[in-house]
Amino acid sequence: GDSVTQMEGPVTLSEEACLTINCTYTATGYPSLFWYVQYPGEGLQLLLKATKADDKGSNKGFEATYRKETTSFHLEKGSVQVSDSAVYFCALSDRGGADGLTFGKGTHLIIQP
Amino acid sequence: DSGVTQTPKHLITATGQRVTLRCSPRSGDLSVYWYQQSLDQGLQFLIQYYNGEERAKGNILERFSAQQFPDLHSELNLSSLELGDSALYFCASSVVASNNEQFFGPGTRLTVL
Chain A
320 GDSVTQMEGP
330 VTLSEEACLT
340 INCTYTATGY
350 PSLFWYVQYP
360 GEGLQLLLKA
370 TKADDKGSNK
380 GFEATYRKET
390 TSFHLEKGSV
400 QVSDSAVYFC
410 ALSDRGGADG
420 LTFGKGTHLI
430 IQP
Chain B
10 DSGVTQTPKH
20 LITATGQRVT
30 LRCSPRSGDL
40 SVYWYQQSLD
50 QGLQFLIQYY
60 NGEERAKGNI
70 LERFSAQQFP
80 DLHSELNLSS
90 LELGDSALYF
100 CASSVVASNN
110 EQFFGPGTRL
120 TVL
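In order, the protein sequence lines correspond to chains A and B.
At position 72 of the first sequence (counting the first as 1) the number is 391 in this note's numbering, and the numbers step up by one without a gap.
At position 59 of the second sequence (counting the first as 1) the number is 68 in this note's numbering, and the numbers step up by one without a gap.
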């Protein structure tokens, strides 16, 4: 079945550092890929998405590129802020959303001032 | 605010009991998804409804059931509760079943004592 593997944290960085959170996937079809963010005590918010190979999703300074050849969707940001501290989930949707999302285990990101 | 509402926010109950969680999707969204988030299993898709009909099933236990009503709100029923059912339960909604973008509610935290 489908699966998502992402680096588990916590990942601790200083403010203004570069961020990469790795995500790789296994899917039978041609999935859409997502990054969701969960702030403490809140639900998940969609951060960005990509629906086909070589697409780049971007939002709030975060970027991720759908790499079919390496089955990856790594999340990157050039300069992180304290407010980026949260848990980040990589997810995929196979069968055009006809099933629910398959999530990775989440990466807890801590940004120190 | 995603526009998806869930009640109650917190629920504490005893083993063997039955509870009902409620979700109202965003205005105009026809599809509702239920997810369970626990420390050991992570985020798991339980079930999806589209316009009142069950559309897809994930890792939902037989003790759990759901329905979507004509006004599109949904309820997740959990019965014969066990300690291991303690988790955050999220509802998400999307415009149509094939739309990949899901909007999550704030969740219901269930504690089984």
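All C-beta atoms in this analysis are idealised placements derived from N, C-alpha and C, irrespective of residue type, glycine included.
- Within the model, the alpha-carbon separation for A:S404 versus A:I429 is close to 5 angstroms.
- Closest by C-alpha distance to A:K379, out of A:F422, A:N341, A:A346 and A:W354, is A:W354.
- Residue environment analysis places B:P34 among the buried positions, since at least 16 neighbouring C-beta atoms fall within 10 angstroms of its C-beta.
- For a Cβ distance threshold of 7 angstroms, residue set P115 of chain B lies close to A:E361, ordered along the chain.
- Note on geometry: alpha-carbon atoms of A:A372 and A:Y349 lie some 9 angstroms from one another.
- Here A:E395 really is in contact with A:T339; their C-beta atoms are around 5 angstroms apart, less than 8 angstroms.
- Taking all protein chains in view, the Cβ of A:A336 is surrounded by fewer than 16 other Cβ atoms within 10 Å, so the residue is classified as exposed.
- Within 7 angstroms of the CB of A:T324, no CB atom of chain B is found; the nearest one sits about 12 angstroms away.
- Listed along chain A, no residue sits closer than 9 angstroms to B:N86 by beta-carbon distance, the nearest being about 18 angstroms off.
- For the region 76–102 of chain B, the residues whose beta carbon sits under 7 angstroms from a beta carbon of chain A are, in order, F99.
- The CB of B:G51 comes closer than 8 angstroms to the CB of F422, G423, K424 and G425 in chain A, given here in chain order.
- By the rule that beta-carbons nearer than 8 angstroms mark a contact, A:F408 touches chain B.
- When 8 angstroms is used as the limit between beta carbons, B:S11 is near these residues of chain A: G362 and Q364, in chain order.
- For B:F54, the neighbours in chain A by C-beta distance under 9 angstroms run, in chain order, D418, G419, L420, T421 and F422.
- Between the beta-carbon of B:L119 and that of B:V28 there is about 7 angstroms, and that keeps the pair under the 8 angstroms contact cut.
- In the structure shown, A:V401 adopts helical secondary structure according to DSSP, grouped into three states.
- Beta bridge pairing from DSSP links B:Q46 with B:L52 and B:L97.
- In this structure, the alpha-carbon of A:L420 lies about 15 angstroms from that of B:V104.
- Here B:L92 carries a helix assignment [DSSP, helix/strand/coil].
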